[in-house]
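Protein chains in written order, with the numbering used here: chain A, 454 to 920; chain B, 454 to 920.
Glycine included, C-beta positions come from ideal geometry on N, C-alpha and C.
Notes follow once the structure below has been shown.
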């Protein structure tokens, strides 16, 4: 493999103008059908060539009996056929102009068939084809409206997920759709015969739609290259990682799953801190931290003011903030006085947390705008603990004033919650499922800013130092 | 207050045959409307008397200008009027036969009006009325189809939530509805002028529909009584608690919110361990552990076998199991051999985790049934990491064989996931959002069984001891 420019050829993967689905199926229960359907229904605008010797038409598209029979040029080959047939078919695809391939098929090294994986490797070297997989769940890239993966996800957003587990990629993407947050890309790496996580980090670092990269790793084939890339990307956009194989049993399972060498966990942990990667320990925190990192900035500070309609939720938030070493400063007496005379509910408790009691969205706006006149907070956490309508409008007005320093937790709000959350996410304001998850996600931003500062990038912007 | 039988009169709260909604409103944006609507739309079968001097009909019901004007007997009064009017109105309600009241209204001790709270207390003492609240979000009790609370939740299930925060109760109940798990009761305690968490624990301990009690506390008014009750209930059904006010800032906020004395956190922690209460540290784990405790039993063991369609999800599960001190035993060679010859996918990795790769639900059933022939597991965790249809059928068949020793994580499955999860929940099989959350919830059951054993209840049943 030519190592001089590892990321070369990725544009044919992400921006392919034509796609052949080799192994397209008429049977809706098969992956060869689902992937074709997702490409078609996901809005892809390029040419689509299904290939299957036993079919003539699928989903209204002409099916070709072989790769050779495809009438036009193929830029990207998506392959869903038995492993032994893959190397030969990719050689043919290359002759038809293909520059990249997504090999969904399993049955290679992970099943003890290293011979087939080696054969595929040889094809890649001889043809220059860039390969995602094998044994993967494909690629979804919204800027090209190409969902060569499953399930079908079309909501565009700032989050790119790159994962050694197809399920993890699908789960994070699924949450992003359910919450109307959206994704820019979802990449399932599989066996990483050719393209690995670092290739995608380098590509996505330059991708305009992507504002944060969420990684799930079981191990890194070339740890040094990953860390160097992370260090470069750092100045540009945040990377958050969930790495499994933390325990001995987990490490053994990781080796079976994707042949990854999980390595010593403490070493990985230290490397993340050194090279500016935010490490998290659960799937939810991978998603939550990606959301916060894509949209919040505390500018080097760590003071959080909580405004809430629920006393209990407010307490859960400040407990967690204390535990995580964020600051929950008391309100300056002048700010408290102004709040007292600003027509909040008579039962409101003027403190931090500021408990509005059951209150309309306008009270949140009023309170946050008063607080923004004092140097109280690096971040405003607004907690809607009831079905409060028009929350999104109020929060958007707060953001106009304070910039990307406002986060939301919305809970106990039923259908009102779901629609208001969607409106806030479409406006780029992150909404978290619970106060504790909000605080944990905010801490990720503080950590990232501290790592950036340490790496010297942050210092240049002249912001104050993290304690 | 008469302390001889603290739980007396609760049947008029839970099983009321008639309810007056004092402060019922025509305005759909007001609580006085929402609560009336939820009682009506929640399926309540008893008499409903809205009271409001300014309305004649709301939601098709005749409205009475005063409590005195109600034509029949009132068993339960639900009160949503300004605080200063509450004591007088409750005296009237008592004269009309009321034995219990839910005071939604705020504006009492929590707002510095201890005088009003005292006045209300006097009414309670003089009339014998049992009071939930004031300053609370009410009560939802599905066996009586009475939702005197918000939002409207009607799905019946095994979970009772009792909470010092209305938002926490609503959030947990909301999750239970979204996932078709259901609730038996949701109680928002408010200021606990009369009835406190222990009264509800004692009532729910005897409630047939309730299989687990989830508590959110900021403090306990009578800690000893709570712990003694917990110890008694232990032999009957599990209690899981989320207690906030863990940090100094949180403790101060708790004092403002419900006048609770949060106490020292370590003391509470030790008391939970001593008296058989499972303590958790987040809202999700309160919900997850309630689900696992209501339906799983490991019979004193702690060995988990993981069967998964997703390698990555399997690794996350076993990592977490190791971290939480569950056992992930290797498969006995005879079991492995039988699995190898049992027509699973050719790429399946026969180990623990057992990675079926993308596989139909039948493969999960096949694998779990083979494993059940060997003494491998105290609990089977089945992880569906793809949109796998008919998962519920397969899991139900596994449960027929192994009993309440099967838990599920389902993720990355889109709409298929949602419908299969609902079917499993309706069958009483707990489904968790991620592998890590599943493992944490399973650990709660292990902990509870160990606490029971320690309390001597478990020993009597002759099961083996927890290590």
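Return the CA-CA distance between residue i and residue j, expressed in angstroms with no decimal places.
| i | j | result |
| --- | --- | --- |
| residue 650 of chain A | residue 687 of chain B | 50 Å |
| residue 610 of chain A | residue 693 of chain A | 16 Å |
| residue 616 of chain A | residue 735 of chain A | 14 Å |
| residue 601 of chain B | residue 646 of chain B | 18 Å |
| residue 607 of chain B | residue 872 of chain B | 18 Å |
| residue 604 of chain B | residue 737 of chain B | 19 Å |
| residue 809 of chain A | residue 774 of chain B | 41 Å |
| residue 769 of chain A | residue 625 of chain A | 25 Å |
| residue 855 of chain B | residue 590 of chain B | 41 Å |
| residue 915 of chain A | residue 896 of chain A | Its pLDDT being 47, under 50, residue 915 of chain A is placed unreliably by the model, and the measurement read from it follows with that caveat. Approximately 21 Å between the Cα atoms of the pair. |
| residue 864 of chain A | residue 547 of chain A | 52 Å |
| residue 571 of chain A | residue 538 of chain A | 13 Å |
| residue 823 of chain B | residue 876 of chain B | 24 Å |
| residue 723 of chain A | residue 788 of chain B | 40 Å |
| residue 771 of chain A | residue 550 of chain A | 58 Å |
| residue 531 of chain A | residue 801 of chain B | 23 Å |
| residue 475 of chain A | residue 905 of chain A | 44 Å |
| residue 796 of chain A | residue 748 of chain A | 31 Å |
| residue 493 of chain B | residue 540 of chain B | 26 Å |
Which residues in the same chain as residue i place their Cβ atom closer than 7 Å to its Cβ, once the five residues preceding and following it in sequence are excluded?
| i | result |
| --- | --- |
| residue 805 of chain B | 758, 759, 781, 782, 783 and 784 |
| residue 922 of chain B | Missing from the structure shown is residue 922 of chain B; chain B here goes from 454 to 920 and no further. |
| residue 670 of chain A | 617, 650, 694 and 696 |
| residue 657 of chain B | 613, 638, 663 and 666 |
| residue 838 of chain A | 761, 762, 763, 766, 864 and 865 |
| residue 879 of chain A | 633 |
Excluding sequence positions up to five away, which residues of its chain have a Cβ less than 8 Å from the Cβ of residue i?
| i | result |
| --- | --- |
| residue 511 of chain A | 477, 478, 479, 486, 489, 503 and 505 |
| residue 469 of chain A | 499, 528, 529, 553, 597 and 599 |
| residue 779 of chain B | 755, 756, 757, 892, 895, 896 and 899 |
Closest by CA to residue i, which one among the options?
| i | options | result |
| --- | --- | --- |
| residue 860 of chain B | B/576, B/535 and B/746 | B/746 |
| residue 677 of chain B | B/725, B/624 and B/533 | B/725 |
| residue 526 of chain A | A/538, A/534 and A/500 | A/500 |
| residue 742 of chain B | B/822, B/484 and B/665 | B/665 |
| residue 803 of chain A | B/706, B/778 and B/765 | B/706 |
| residue 898 of chain A | A/854, A/773, A/731 and A/776 | A/731 |
| residue 644 of chain B | B/817, B/689, B/673 and B/703 | B/673 |
| residue 563 of chain A | B/799, B/836, B/869 and B/888 | B/799 |
| residue 544 of chain A | A/763, A/565 and A/519 | A/519 |
| residue 857 of chain B | B/870, B/867 and B/832 | B/832 |
| residue 472 of chain B | B/555, B/808 and B/907 | B/555 |
| residue 740 of chain A | A/630, A/766, A/549 and A/584 | A/630 |
I need the DSSP call for residue i, collapsed to helix, strand or coil.
| i | result |
| --- | --- |
| residue 685 of chain B | helix |
| residue 747 of chain A | helix |
| residue 916 of chain B | Because the pLDDT at residue 916 of chain B is just 41, under 50, the model does not fix this residue reliably, and the value given afterwards should be weighed accordingly. Residue 916 of chain B: coil per DSSP, three-state reduction. |
| residue 583 of chain A | strand |
| residue 740 of chain B | helix |
| residue 854 of chain B | helix |
| residue 817 of chain B | helix |
| residue 602 of chain A | strand |
| residue 593 of chain B | strand |
| residue 634 of chain A | coil |
| residue 610 of chain B | strand |
| residue 479 of chain B | coil |
Please go through the same chain and pick out, in chain order, the residues whose beta-carbon is closer than 6 Å to the beta-carbon of residue i, but skip the five residues on each side of it.
| i | result |
| --- | --- |
| residue 464 of chain A | none |
| residue 900 of chain A | 731 |
| residue 639 of chain A | 593, 614, 622 and 626 |
| residue 869 of chain A | 840 and 842 |
| residue 635 of chain A | 608, 609, 610 and 629 |
| residue 580 of chain B | 547 |
| residue 577 of chain A | 584 and 647 |
| residue 457 of chain A | Reliability of the predicted coordinates at residue 457 of chain A is poor, the pLDDT of 34 falling under 50, and the value obtained from them is presented with this limitation in mind. Closer than 6 Å at the Cβ level, and outside the excluded window around residue 457 of chain A, lies no residue. |
Just checking residue i against the ligand MG - is the residue's beta carbon closer than 7 Å to any of the ligand's heavy atoms?
| i | result |
| --- | --- |
| residue 855 of chain B | This structure does not include the ligand MG; it has no bound ligands of any sort. |
Quick check on the DSSP output: what are the complete alpha helix (DSSP H) runs of length 4 or more inside the region 738-811 of chain A, in order along the chain? 764-776 and 786-793
In chain order, each alpha helix (DSSP H) run of at least 4 residues that lies wholly inside the region 487-553 of chain A: 539-548
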